[in-house]
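Participant: Sequential numbering of the sequence shown, starting at 6, is according to the numbering used here.
We treat Cβ as the ideally placed atom computed from N, Cα and C, and that holds for glycine.
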Amino acid sequence: MKIYKVKDYEEMSRKAANIISAQIILKPDSVLGLATGSSPVGTYKVLIKRYEKGDLDFSRVRSINLDEYKGLDSSNPESYAYFMRHNLFDHVNILQENTYIPDGTEEDIDRECDRYNSIYRQLGGVDLQLLGIGNNGHIGFNEPSDSFAKETHCVKLSESTIQANARFFDSIDEVPTHAYTTGIQSIMKARQILLIANGEGKAEALYKSLFGPITPQVPASVLQLHDNVSIVADEAALSLITDKGLI
Ligand code: F6R
6 MKIYKVKDYE EMSRKAANII SAQIILKPDS VLGLATGSSP VGTYKVLIKR YEKGDLDFSR
66 VRSINLDEYK GLDSSNPESY AYFMRHNLFD HVNILQENTY IPDGTEEDID RECDRYNSIY
126 RQLGGVDLQL LGIGNNGHIG FNEPSDSFAK ETHCVKLSES TIQANARFFD SIDEVPTHAY
186 TTGIQSIMKA RQILLIANGE GKAEALYKSL FGPITPQVPA SVLQLHDNVS IVADEAALSL
246 ITDKGLI
């Protein structure tokens, strides 16, 4: 596991965009596993700038997102489909038909999970999976639980995740209670994983994930078992780890 300590959100975004750019340049038809939330917004901005300068070409890139709120359709500004269009897809030359995200409007959970799992299989595996991390150590929407989930499934969001994500909604009552998410086993199949984290709020989750016991109670701790993981985190997010002299 490589841990890159950076100064702040801006440097984290540049460094993460460098790693993703290298992937696209070296393999123009890369499959990127993408995340939403606050963490990757800056990374996506840097990627857009590089595309505008002519340094990056997304025309053969395929992307598959980690998760989507259940019950939100893609025109809802809080949906992850909308987020991806707004923060990345509408600004680069990726083909819409090459972007995949769970369908939040599908009521039939088994059908949607099967559909999404088969997309993962058709894509032939993810080359680079971008991840944020929840305050509770979740990755995707794999919340702390008694076992590691395998493939796509529908989860009940934990109270702490609902509270953390309420900032994007008008009121906490509007935050969906369930989401479709890629499972831990599917995330772990990615050839390379890039986890980004910033801010003190992530310090405990990051410490437990990188140096604590591997347990489904801290879902990101499973990343210790992957042999190609890069962590790009700012000083605040790494503060507990540096305080303990672990890096
Ligand atoms: C989003 C996702 C989540 C977020 C995590 C951190 O697609 O899968 O695991 O990465 O909740 O969110 P932010 O970046 O908003 O702190």
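State the DSSP-derived secondary structure class of H231, mapped to helix, strand or coil.
Facilitator: Within the sequence shown, numbered from 1, the residue matching residue 231 stands at position 226. Note: H231 maps to coil in three-state DSSP.
Participant: Given the structure, does I144 come close to ligand 1, in the sense that its CB is under 7 Å from one of the ligand's heavy atoms?
Facilitator: Residue 144 sits at position 139 when you count from the first residue of the sequence shown. Under cutoff, so the answer is yes.
Participant: From N70, G109 and S123, pick the residue whose C-alpha is nearest to that of Q101; which is it?
Facilitator: In the sequence shown, the residue the question calls residue 101 occupies position 96. Of the listed residues, the one whose Cα sits closest to Q101 is N70.
Participant: Find the nearest neighbour of P181 within the set K249, Y74, A154 and L199, judged by alpha-carbon distance.
Facilitator: As a first step, residue 181 is located in the sequence shown; it is residue number 176 there, counting from the start. P181 has its Cα closest to that of Y74, out of K249, Y74, A154 and L199.
Participant: Using only CA atoms, which one of A184, K161, S165 and S244 lies nearest to E111?
Facilitator: On the sequence shown, position 106 is the one that residue 111 refers to. Checked all of A184, K161, S165 and S244; the closest Cα to E111 is A184.
Participant: Does at least one heavy atom of ligand 1 sit under 7 Å from the Cβ of A40?
Facilitator: The residue labelled residue 40 in the question sits at position 35 within the sequence shown. Yes, the beta carbon of A40 sits closer than 7 Å to at least one heavy atom of ligand 1.
Participant: Following the continuous alpha helix (DSSP H) through L245, name the residue where it begins and the one where it ends.
Facilitator: The residue you call residue 245 lines up with position 240 of the sequence shown. From DSSP, the alpha helix (DSSP H) with L245 extends over S244 to D248.
Participant: Can you list, in chain order, the stretches of the beta strand (DSSP E) that have 3 or more residues and sit fully within the segment 62 to 136?
Facilitator: Complete beta strand (DSSP E) runs here, min 3: 67 to 70, 72 to 74 and 133 to 136.
Participant: Give the straight-line distance between the Cα atoms of Q28 and T48, rounded to the nearest whole angstrom.
Facilitator: Counted from its first residue, the sequence shown places residue 28 at position 23. Counted from its first residue, the sequence shown places residue 48 at position 43. Each residue's Cα considered, the two are about 14 Å apart.
Participant: Check whether the Cβ of Y85 lies closer than 7 Å to any heavy atom of ligand 1, and answer yes or no.
Facilitator: On the sequence shown, residue 85 is found 80 positions in, with the first residue counted as 1. Yes, the Cβ of Y85 comes within 7 Å of a heavy atom of ligand 1.
Participant: Which residues bound the beta strand (DSSP E) around T186?
Facilitator: On the sequence shown, residue 186 is found 181 positions in, with the first residue counted as 1. First-last of the beta strand (DSSP E) with T186: H183 to T186.
Participant: How would you label P224, buried or exposed, when you count the other beta carbons within 10 angstroms and need 16 or more for buried?
Facilitator: Looking up residue 224 in the sequence shown gives position 219. That one is buried.
Participant: What is the residue span of the beta strand (DSSP E) that Q197 lies within?
Facilitator: By one-based count along the sequence shown, residue 197 stands at place 192. Unbroken beta strand (DSSP E) run through Q197: Q197 to A202.
Participant: Write down the C-beta distance between T2 and G145 rounded to the nearest angstrom, noting that I regard them as a contact closer than 8 Å.
Facilitator: The structure shown does not extend to residue 2, since the chain is modelled only from 6 through 252, so no value can be given for it.
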